[in-house]
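Here's the structure we're looking at; comments come further down.
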Amino acid sequence: MSGPDVRQPRWILLVLGLLLPLSPTAAHAQAGTEGERPSVGHGPRGFFIETADGDWRTELQFRFQFRLSYPYDTDPTSFDDYLGDPRTSLELNRARLKVGGHGFRPWLGYYFEYELAASNLLNFELTLERSRRASVRVGQWKAQYSRERVISSGRQQMVDRSLINRYFTLDRQQGVSLFGRLAEGSSADVSYWLSAFTGTGRGGGTNDDNHLMYMARIQWNPFGRPVPFVGSELSRTAEPTLSLAAGAVTNRSPCTRFSQDGCGSLNRFTDTDDGRYRVHQSVVETAFLWKGVSWTQEFHWKQVRDTQTTEVTDLAGNYVQLGYFPSASWTSFPEPLEIAGRWAWYRPDLDAPRNRHDELSFAVNWFFHGHDSKLTAELSWLVLDFEASDQLEEGGRFRVQWDVQF
(Lines of atoms letter the chains of each structure in order from A and count residues from 1; the text may use other names and numbers.)
(Lines give C-alpha, C1' and ligand atoms only; values in the text may rest on other atoms or scores of the structure.)
Protein backbone atom coordinates (compact mmCIF):
# COMPACT_ATOMS: atom_id res chain seq x y z
CA MET A 1 0.00 0.00 0.00
CA SER A 2 1.38 3.40 -0.96
CA GLY A 3 2.05 6.02 1.68
CA PRO A 4 0.34 9.38 2.02
CA ASP A 5 0.85 12.03 -0.63
CA VAL A 6 3.21 14.59 0.89
CA ARG A 7 4.02 16.56 -2.23
CA GLN A 8 1.84 19.54 -1.41
CA PRO A 9 3.15 20.14 2.15
CA ARG A 10 6.71 19.83 0.86
CA TRP A 11 6.10 22.42 -1.84
CA ILE A 12 4.43 24.77 0.62
CA LEU A 13 7.40 24.44 2.99
CA LEU A 14 9.73 25.04 0.05
CA VAL A 15 7.90 28.22 -0.97
CA LEU A 16 7.84 29.49 2.61
CA GLY A 17 11.51 28.66 3.01
CA LEU A 18 12.35 30.63 -0.09
CA LEU A 19 10.23 33.56 1.03
CA LEU A 20 11.78 33.97 4.46
CA PRO A 21 15.22 35.11 3.29
CA LEU A 22 13.61 37.25 0.59
CA SER A 23 11.10 38.92 2.89
CA PRO A 24 11.46 42.65 3.51
CA THR A 25 11.47 42.27 7.28
CA ALA A 26 14.29 39.73 7.21
CA ALA A 27 16.29 41.89 4.83
CA HIS A 28 15.63 44.95 6.97
CA ALA A 29 16.97 43.21 10.04
CA GLN A 30 20.06 42.07 8.14
CA ALA A 31 20.68 45.62 6.93
CA GLY A 32 20.47 46.97 10.47
CA THR A 33 17.79 49.57 9.75
CA GLU A 34 15.32 48.61 12.45
CA GLY A 35 14.09 52.19 12.83
CA GLU A 36 12.37 52.21 9.45
CA ARG A 37 9.08 50.33 9.35
CA PRO A 38 8.02 48.49 6.17
CA SER A 39 4.77 49.37 4.42
CA VAL A 40 2.01 46.76 4.36
CA GLY A 41 -1.13 46.81 2.25
CA HIS A 42 -3.10 45.42 -0.65
CA GLY A 43 -2.63 46.30 -4.32
CA PRO A 44 -3.27 44.99 -7.84
CA ARG A 45 -1.10 41.92 -7.15
CA GLY A 46 -2.53 41.07 -3.75
CA PHE A 47 -1.18 41.67 -0.27
CA PHE A 48 2.29 43.19 -0.07
CA ILE A 49 5.01 44.15 2.35
CA GLU A 50 7.82 46.49 1.30
CA THR A 51 10.81 48.07 3.02
CA ALA A 52 10.95 51.84 3.37
CA ASP A 53 13.84 52.09 0.90
CA GLY A 54 11.89 50.07 -1.72
CA ASP A 55 14.69 47.53 -2.22
CA TRP A 56 12.70 44.59 -0.87
CA ARG A 57 9.09 43.73 -1.67
CA THR A 58 6.98 40.58 -1.38
CA GLU A 59 3.48 40.16 -2.86
CA LEU A 60 1.04 37.35 -2.06
CA GLN A 61 -2.16 36.59 -3.97
CA PHE A 62 -4.72 33.77 -3.99
CA ARG A 63 -6.90 33.01 -7.01
CA PHE A 64 -9.90 30.70 -7.39
CA GLN A 65 -11.94 29.78 -10.45
CA PHE A 66 -15.33 28.07 -10.08
CA ARG A 67 -16.97 26.62 -13.19
CA LEU A 68 -20.39 25.15 -14.00
CA SER A 69 -20.66 23.31 -17.33
CA TYR A 70 -23.08 21.21 -19.39
CA PRO A 71 -22.96 18.72 -21.14
CA TYR A 72 -19.14 18.69 -20.90
CA ASP A 73 -16.42 21.12 -19.89
CA THR A 74 -13.22 20.86 -21.94
CA ASP A 75 -13.16 21.00 -25.74
CA PRO A 76 -13.97 17.59 -27.28
CA THR A 77 -11.02 16.05 -29.15
CA SER A 78 -12.66 12.83 -30.40
CA PHE A 79 -16.05 11.57 -31.52
CA ASP A 80 -16.38 9.66 -28.25
CA ASP A 81 -16.31 12.98 -26.40
CA TYR A 82 -19.41 14.08 -28.32
CA LEU A 83 -21.21 10.76 -27.95
CA GLY A 84 -20.71 10.37 -24.20
CA ASP A 85 -23.51 10.86 -21.70
CA PRO A 86 -24.21 14.54 -20.96
CA ARG A 87 -23.37 15.66 -17.45
CA THR A 88 -23.54 18.76 -15.33
CA SER A 89 -20.37 19.58 -13.44
CA LEU A 90 -19.52 22.21 -10.85
CA GLU A 91 -15.82 22.29 -10.12
CA LEU A 92 -13.04 24.31 -8.60
CA ASN A 93 -11.24 24.60 -11.91
CA ARG A 94 -8.19 26.46 -10.62
CA ALA A 95 -6.79 27.31 -7.19
CA ARG A 96 -3.55 29.27 -7.33
CA LEU A 97 -1.04 30.73 -4.92
CA LYS A 98 1.08 33.53 -6.40
CA VAL A 99 4.17 34.95 -4.75
CA GLY A 100 6.30 37.66 -6.34
CA GLY A 101 8.28 40.80 -5.75
CA HIS A 102 11.90 41.90 -5.82
CA GLY A 103 14.98 41.63 -3.62
CA PHE A 104 18.24 43.52 -3.09
CA ARG A 105 17.19 46.05 -5.76
CA PRO A 106 13.87 46.81 -7.55
CA TRP A 107 15.32 45.50 -10.83
CA LEU A 108 15.89 41.95 -9.50
CA GLY A 109 12.44 40.35 -9.55
CA TYR A 110 11.19 36.91 -8.59
CA TYR A 111 7.90 35.09 -9.06
CA PHE A 112 6.39 31.74 -8.06
CA GLU A 113 3.01 30.30 -8.96
CA TYR A 114 1.65 27.12 -7.42
CA GLU A 115 -1.48 25.16 -8.38
CA LEU A 116 -2.97 24.09 -5.06
CA ALA A 117 -5.63 21.73 -6.45
CA ALA A 118 -3.24 19.66 -8.60
CA SER A 119 -0.13 20.18 -6.43
CA ASN A 120 1.97 21.56 -9.30
CA LEU A 121 4.69 24.19 -9.20
CA LEU A 122 3.85 26.19 -12.33
CA ASN A 123 6.24 29.15 -12.35
CA PHE A 124 9.60 29.86 -10.77
CA GLU A 125 11.54 32.69 -12.31
CA LEU A 126 14.13 35.37 -11.67
CA THR A 127 14.15 38.49 -13.84
CA LEU A 128 17.01 40.95 -14.20
CA GLU A 129 15.41 44.14 -15.55
CA ARG A 130 17.84 47.01 -15.18
CA SER A 131 16.99 48.34 -18.64
CA ARG A 132 13.66 48.21 -20.45
CA ARG A 133 15.61 47.77 -23.68
CA ALA A 134 17.21 44.48 -22.62
CA SER A 135 16.22 42.23 -19.70
CA VAL A 136 17.01 38.62 -18.82
CA ARG A 137 14.79 35.94 -17.29
CA VAL A 138 15.72 32.44 -16.10
CA GLY A 139 13.53 29.67 -14.69
CA GLN A 140 10.17 28.22 -15.74
CA TRP A 141 7.31 30.32 -17.13
CA LYS A 142 4.85 30.58 -20.01
CA ALA A 143 6.86 31.02 -23.18
CA GLN A 144 6.08 34.49 -24.57
CA TYR A 145 4.92 33.05 -27.88
CA SER A 146 1.16 33.50 -28.36
CA ARG A 147 -1.02 36.16 -26.72
CA GLU A 148 -3.88 33.82 -25.92
CA ARG A 149 -1.68 31.50 -23.86
CA VAL A 150 0.34 34.23 -22.17
CA ILE A 151 -2.81 35.94 -20.85
CA SER A 152 -3.55 34.54 -17.41
CA SER A 153 -6.60 32.29 -17.10
CA GLY A 154 -7.84 34.82 -14.54
CA ARG A 155 -7.60 37.70 -17.03
CA GLN A 156 -9.34 36.12 -20.03
CA GLN A 157 -12.32 37.49 -21.90
CA MET A 158 -14.04 34.14 -22.41
CA VAL A 159 -14.45 31.23 -19.99
CA ASP A 160 -11.33 29.58 -21.38
CA ARG A 161 -8.91 29.71 -24.29
CA SER A 162 -9.95 28.71 -27.80
CA LEU A 163 -9.84 25.12 -29.04
CA ILE A 164 -6.63 25.78 -31.04
CA ASN A 165 -4.64 26.47 -27.86
CA ARG A 166 -4.33 22.72 -27.21
CA TYR A 167 -2.51 22.14 -30.50
CA PHE A 168 -0.20 25.14 -30.79
CA THR A 169 0.69 26.38 -27.31
CA LEU A 170 4.24 26.10 -25.98
CA ASP A 171 2.85 26.39 -22.46
CA ARG A 172 5.46 26.58 -19.72
CA GLN A 173 9.10 25.85 -20.48
CA GLN A 174 12.37 25.95 -18.57
CA GLY A 175 15.18 28.07 -19.92
CA VAL A 176 16.50 31.58 -20.40
CA SER A 177 15.12 34.58 -22.29
CA LEU A 178 16.36 37.96 -23.48
CA PHE A 179 13.55 40.48 -23.96
CA GLY A 180 12.96 44.20 -24.16
CA ARG A 181 11.30 47.16 -25.81
CA LEU A 182 12.92 49.54 -28.29
CA ALA A 183 11.99 53.02 -29.56
CA GLU A 184 9.38 53.21 -26.81
CA GLY A 185 6.54 55.65 -27.40
CA SER A 186 7.29 56.20 -31.09
CA SER A 187 5.79 54.80 -34.28
CA ALA A 188 8.76 52.39 -34.37
CA ASP A 189 7.94 51.01 -30.90
CA VAL A 190 8.94 47.31 -30.90
CA SER A 191 8.87 44.60 -28.23
CA TYR A 192 10.97 41.45 -28.67
CA TRP A 193 11.59 38.11 -26.97
CA LEU A 194 14.43 35.65 -27.72
CA SER A 195 14.44 32.38 -25.75
CA ALA A 196 16.23 29.06 -25.44
CA PHE A 197 14.41 26.28 -23.57
CA THR A 198 15.00 22.63 -22.74
CA GLY A 199 11.94 21.99 -24.91
CA THR A 200 10.26 19.32 -22.79
CA GLY A 201 7.56 21.38 -21.07
CA ARG A 202 6.69 22.12 -17.45
CA GLY A 203 8.98 20.23 -15.10
CA GLY A 204 11.31 19.38 -17.97
CA GLY A 205 14.61 20.51 -16.53
CA THR A 206 16.59 18.12 -18.73
CA ASN A 207 16.76 18.19 -22.51
CA ASP A 208 16.22 14.77 -24.07
CA ASP A 209 18.71 14.91 -26.96
CA ASN A 210 20.82 18.10 -26.74
CA HIS A 211 18.57 19.82 -29.34
CA LEU A 212 17.16 22.82 -27.50
CA MET A 213 13.93 24.65 -28.29
CA TYR A 214 14.55 28.10 -29.76
CA MET A 215 11.83 30.74 -29.82
CA ALA A 216 11.61 34.29 -31.16
CA ARG A 217 8.78 36.82 -31.07
CA ILE A 218 8.68 40.39 -32.34
CA GLN A 219 5.80 42.80 -31.75
CA TRP A 220 5.29 46.18 -33.40
CA ASN A 221 3.28 48.79 -31.49
CA PRO A 222 2.64 51.44 -34.19
CA PHE A 223 0.88 53.91 -31.87
CA GLY A 224 3.71 53.76 -29.33
CA ARG A 225 1.64 51.73 -26.83
CA PRO A 226 1.55 47.91 -26.64
CA VAL A 227 -1.75 46.10 -26.15
CA PRO A 228 -1.38 44.60 -22.65
CA PHE A 229 -1.59 40.84 -22.15
CA VAL A 230 -5.04 41.08 -20.57
CA GLY A 231 -8.45 40.22 -21.98
CA SER A 232 -11.22 42.84 -22.46
CA GLU A 233 -10.94 46.63 -22.87
CA LEU A 234 -11.59 47.72 -19.31
CA SER A 235 -9.68 51.00 -19.68
CA ARG A 236 -12.12 52.44 -22.28
CA THR A 237 -9.11 54.26 -23.73
CA ALA A 238 -9.85 57.27 -25.93
CA GLU A 239 -6.82 56.58 -28.13
CA PRO A 240 -6.51 53.43 -30.28
CA THR A 241 -3.89 50.85 -29.28
CA LEU A 242 -2.62 48.30 -31.80
CA SER A 243 -0.04 45.50 -31.66
CA LEU A 244 1.07 43.34 -34.59
CA ALA A 245 3.24 40.33 -33.76
CA ALA A 246 4.93 37.30 -35.29
CA GLY A 247 6.68 34.39 -33.62
CA ALA A 248 8.59 31.27 -34.62
CA VAL A 249 9.77 28.13 -32.83
CA THR A 250 11.91 25.13 -33.66
CA ASN A 251 12.32 22.08 -31.43
CA ARG A 252 13.38 18.43 -31.62
CA SER A 253 12.02 16.21 -28.87
CA PRO A 254 9.40 13.50 -28.18
CA CYS A 255 6.84 16.28 -27.64
CA THR A 256 4.34 17.32 -30.32
CA ARG A 257 2.19 19.40 -27.97
CA PHE A 258 2.42 20.93 -24.50
CA SER A 259 0.06 21.56 -21.59
CA GLN A 260 0.19 22.21 -17.85
CA ASP A 261 1.10 18.51 -17.54
CA GLY A 262 4.24 19.13 -19.59
CA CYS A 263 5.31 17.19 -22.67
CA GLY A 264 2.42 15.61 -24.63
CA SER A 265 1.46 14.06 -27.95
CA LEU A 266 -0.89 14.97 -30.76
CA ASN A 267 -2.96 12.23 -32.34
CA ARG A 268 -0.84 10.12 -34.73
CA PHE A 269 2.38 11.05 -32.94
CA THR A 270 2.28 8.88 -29.83
CA ASP A 271 5.83 7.45 -29.82
CA THR A 272 8.02 9.04 -27.16
CA ASP A 273 11.55 8.22 -28.32
CA ASP A 274 14.11 10.91 -27.56
CA GLY A 275 14.40 13.41 -30.40
CA ARG A 276 11.75 11.60 -32.44
CA TYR A 277 9.98 14.68 -33.84
CA ARG A 278 11.32 17.84 -35.41
CA VAL A 279 8.69 20.56 -34.96
CA HIS A 280 8.66 23.96 -36.64
CA GLN A 281 5.83 26.39 -35.94
CA SER A 282 4.94 30.04 -36.37
CA VAL A 283 2.22 32.50 -35.40
CA VAL A 284 0.94 35.80 -36.77
CA GLU A 285 -1.09 37.85 -34.32
CA THR A 286 -3.10 41.07 -34.14
CA ALA A 287 -4.56 42.87 -31.12
CA PHE A 288 -6.50 46.14 -30.87
CA LEU A 289 -8.18 48.24 -28.15
CA TRP A 290 -10.28 51.40 -28.41
CA LYS A 291 -13.22 52.87 -26.48
CA GLY A 292 -14.46 49.60 -25.01
CA VAL A 293 -13.77 47.55 -28.16
CA SER A 294 -11.23 44.73 -28.05
CA TRP A 295 -9.99 42.53 -30.90
CA THR A 296 -7.52 39.64 -30.81
CA GLN A 297 -6.58 37.22 -33.57
CA GLU A 298 -3.96 34.52 -34.09
CA PHE A 299 -3.08 32.38 -37.11
CA HIS A 300 -0.92 29.34 -36.36
CA TRP A 301 1.03 26.97 -38.59
CA LYS A 302 2.88 23.90 -37.36
CA GLN A 303 4.91 21.21 -39.10
CA VAL A 304 5.75 17.87 -37.48
CA ARG A 305 8.42 15.71 -39.10
CA ASP A 306 8.95 12.16 -37.87
CA THR A 307 12.73 11.72 -37.99
CA GLN A 308 12.39 7.92 -38.19
CA THR A 309 9.73 7.58 -40.90
CA THR A 310 10.43 11.00 -42.56
CA GLU A 311 6.64 11.59 -42.65
CA VAL A 312 5.76 15.31 -42.62
CA THR A 313 2.42 16.69 -41.41
CA ASP A 314 1.32 20.33 -41.61
CA LEU A 315 -1.31 21.70 -39.22
CA ALA A 316 -3.01 25.10 -39.11
CA GLY A 317 -5.46 26.99 -36.94
CA ASN A 318 -6.91 30.44 -36.39
CA TYR A 319 -9.15 32.29 -33.97
CA VAL A 320 -10.77 35.71 -34.02
CA GLN A 321 -12.17 37.24 -30.82
CA LEU A 322 -14.15 40.46 -30.44
CA GLY A 323 -15.47 42.12 -27.30
CA TYR A 324 -17.43 45.28 -26.54
CA PHE A 325 -18.81 47.24 -23.58
CA PRO A 326 -22.22 48.54 -24.77
CA SER A 327 -22.13 51.31 -22.16
CA ALA A 328 -19.32 52.95 -24.15
CA SER A 329 -21.98 53.97 -26.72
CA TRP A 330 -25.30 53.70 -24.87
CA THR A 331 -25.48 54.95 -21.30
CA SER A 332 -28.61 52.88 -20.65
CA PHE A 333 -26.41 49.76 -20.45
CA PRO A 334 -24.67 49.02 -17.14
CA GLU A 335 -20.92 49.72 -17.13
CA PRO A 336 -19.84 46.28 -15.80
CA LEU A 337 -21.46 44.46 -18.76
CA GLU A 338 -19.36 43.19 -21.68
CA ILE A 339 -20.37 41.01 -24.62
CA ALA A 340 -17.83 38.95 -26.57
CA GLY A 341 -17.66 36.39 -29.36
CA ARG A 342 -15.06 34.03 -30.80
CA TRP A 343 -14.69 31.94 -33.94
CA ALA A 344 -11.91 29.36 -34.18
CA TRP A 345 -10.95 26.61 -36.59
CA TYR A 346 -8.31 23.90 -36.55
CA ARG A 347 -7.07 21.68 -39.39
CA PRO A 348 -5.04 18.68 -38.12
CA ASP A 349 -3.68 17.83 -41.60
CA LEU A 350 -3.62 20.30 -44.47
CA ASP A 351 -3.42 17.40 -46.94
CA ALA A 352 -6.90 16.33 -45.75
CA PRO A 353 -8.82 19.64 -45.90
CA ARG A 354 -12.12 18.13 -44.77
CA ASN A 355 -10.64 17.16 -41.41
CA ARG A 356 -11.62 20.04 -39.19
CA HIS A 357 -12.54 21.13 -35.70
CA ASP A 358 -14.51 24.38 -35.37
CA GLU A 359 -15.73 26.53 -32.48
CA LEU A 360 -18.23 29.37 -32.32
CA SER A 361 -18.69 30.93 -28.87
CA PHE A 362 -20.62 33.84 -27.39
CA ALA A 363 -20.02 35.19 -23.87
CA VAL A 364 -21.40 37.79 -21.47
CA ASN A 365 -19.16 39.18 -18.71
CA TRP A 366 -20.10 41.05 -15.56
CA PHE A 367 -17.14 42.73 -13.84
CA PHE A 368 -17.78 43.16 -10.11
CA HIS A 369 -14.23 44.39 -9.53
CA GLY A 370 -12.38 44.21 -12.83
CA HIS A 371 -10.85 40.80 -13.51
CA ASP A 372 -10.35 40.27 -9.77
CA SER A 373 -14.03 39.38 -9.43
CA LYS A 374 -15.79 38.53 -12.67
CA LEU A 375 -18.75 36.38 -13.71
CA THR A 376 -18.85 34.91 -17.24
CA ALA A 377 -21.63 33.01 -19.03
CA GLU A 378 -20.68 31.34 -22.32
CA LEU A 379 -22.50 29.37 -25.02
CA SER A 380 -20.49 27.43 -27.64
CA TRP A 381 -21.16 25.35 -30.74
CA LEU A 382 -18.43 22.82 -31.57
CA VAL A 383 -17.99 20.77 -34.76
CA LEU A 384 -15.68 17.80 -35.46
CA ASP A 385 -15.43 16.39 -38.99
CA PHE A 386 -13.10 13.55 -40.06
CA GLU A 387 -12.81 12.54 -43.71
CA ALA A 388 -11.37 9.03 -43.28
CA SER A 389 -14.36 7.79 -41.26
CA ASP A 390 -16.87 10.00 -43.10
CA GLN A 391 -18.15 11.12 -39.72
CA LEU A 392 -19.31 14.48 -38.42
CA GLU A 393 -20.39 15.33 -34.89
CA GLU A 394 -21.47 18.66 -33.47
CA GLY A 395 -23.07 19.97 -30.34
CA GLY A 396 -23.58 22.84 -27.92
CA ARG A 397 -21.99 23.60 -24.59
CA PHE A 398 -22.94 25.99 -21.80
CA ARG A 399 -20.57 27.20 -19.08
CA VAL A 400 -20.73 29.72 -16.24
CA GLN A 401 -17.59 30.78 -14.41
CA TRP A 402 -16.67 32.98 -11.48
CA ASP A 403 -13.08 34.23 -11.22
CA VAL A 404 -11.99 35.76 -7.94
CA GLN A 405 -8.59 36.92 -6.71
CA PHE A 406 -7.57 38.23 -3.30
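The sequence shown begins at 1338 in this note's numbering and counts up one residue at a time. For each residue, glycine too, the CB sits at the ideal point set by N, CA and C. Nothing here was measured: the structure is a model prediction, and the numbers come from that model.
What whole-angstrom Cβ distance do residue i and residue j have, given they're in contact under 8 angstroms?
| i | j | result |
| --- | --- | --- |
| residue 1375 | residue 1719 | That pair is no contact at about 51 angstroms. |
| residue 1736 | residue 1496 | 5 angstroms |
| residue 1653 | residue 1687 | 6 angstroms |
| residue 1625 | residue 1563 | Their Cβ separation, rounded to whole angstroms, is 12 angstroms, which puts residue 1625 and residue 1563 out of contact at 8 angstroms. |
| residue 1462 | residue 1433 | About 15 angstroms separates the two Cβ atoms, so there is no contact after all. |
| residue 1606 | residue 1593 | 4 angstroms |
| residue 1665 | residue 1573 | 6 angstroms |
Does DSSP put residue i in a helix, a strand or coil?
| i | result |
| --- | --- |
| residue 1747 | Outside the shown range of the chain, which is 1338 to 1743, sits residue 1747, and nothing can be said about it. |
| residue 1502 | helix |
| residue 1665 | helix |
| residue 1567 | coil |
| residue 1741 | strand |
| residue 1485 | helix |
| residue 1686 | coil |
| residue 1614 | strand |
| residue 1724 | coil |
| residue 1475 | strand |
| residue 1589 | strand |
| residue 1711 | strand |
| residue 1655 | strand |
| residue 1628 | coil |
| residue 1373 | coil |
| residue 1389 | coil |
Which residues in the same chain as residue i place their Cβ atom closer than 6 angstroms to its Cβ, once the five residues preceding and following it in sequence are excluded?
| i | result |
| --- | --- |
| residue 1659 | 1632 and 1678 |
| residue 1776 | Lying outside 1338 to 1743, the shown extent of the chain, residue 1776 is not represented and no answer is given. |
| residue 1586 | 1552 and 1618 |
| residue 1459 | 1450 and 1452 |
| residue 1383 | 1396, 1397 and 1398 |
| residue 1729 | 1722 |
For the ligand MG, any of its heavy atoms closer than 7 angstroms to the Cβ of residue i?
| i | result |
| --- | --- |
| residue 1669 | This structure does not include the ligand MG; it has no bound ligands of any sort. |
Cβ atoms of residue j and residue i: under 8 angstroms apart, would you say?
| i | j | result |
| --- | --- | --- |
| residue 1550 | residue 1536 | yes |
| residue 1656 | residue 1635 | yes |
| residue 1681 | residue 1499 | yes |
| residue 1454 | residue 1429 | yes |
| residue 1567 | residue 1488 | yes |
| residue 1721 | residue 1419 | yes |
| residue 1491 | residue 1708 | yes |
| residue 1470 | residue 1519 | yes |
| residue 1542 | residue 1510 | no |
| residue 1506 | residue 1532 | no |
Per DSSP, which residues does residue i bridge with? Please list them.
| i | result |
| --- | --- |
| residue 1716 | 1699 and 1735 |
| residue 1550 | 1534 |
| residue 1448 | 1437 and 1462 |
| residue 1431 | 1402 |
Excluding the five sequence neighbours on either side, which residues of its own chain have a C-beta within less than 8 angstroms of the C-beta of residue i, listed in chain order?
| i | result |
| --- | --- |
| residue 1705 | 1673, 1711 and 1712 |
| residue 1640 | 1616, 1617, 1618, 1649, 1650, 1651 and 1652 |
| residue 1612 | 1545, 1546, 1548, 1589, 1590, 1591 and 1644 |
| residue 1504 | 1594, 1603, 1637, 1639, 1652, 1654, 1683 and 1685 |
Spatial neighbours of residue i within its chain, please: CB distance less than 7 angstroms, with the 5 preceding and 5 following residues excluded, ordered by chain position.
| i | result |
| --- | --- |
| residue 1523 | 1561 |
| residue 1739 | 1403 and 1712 |
| residue 1472 | 1464, 1465, 1466, 1516 and 1517 |
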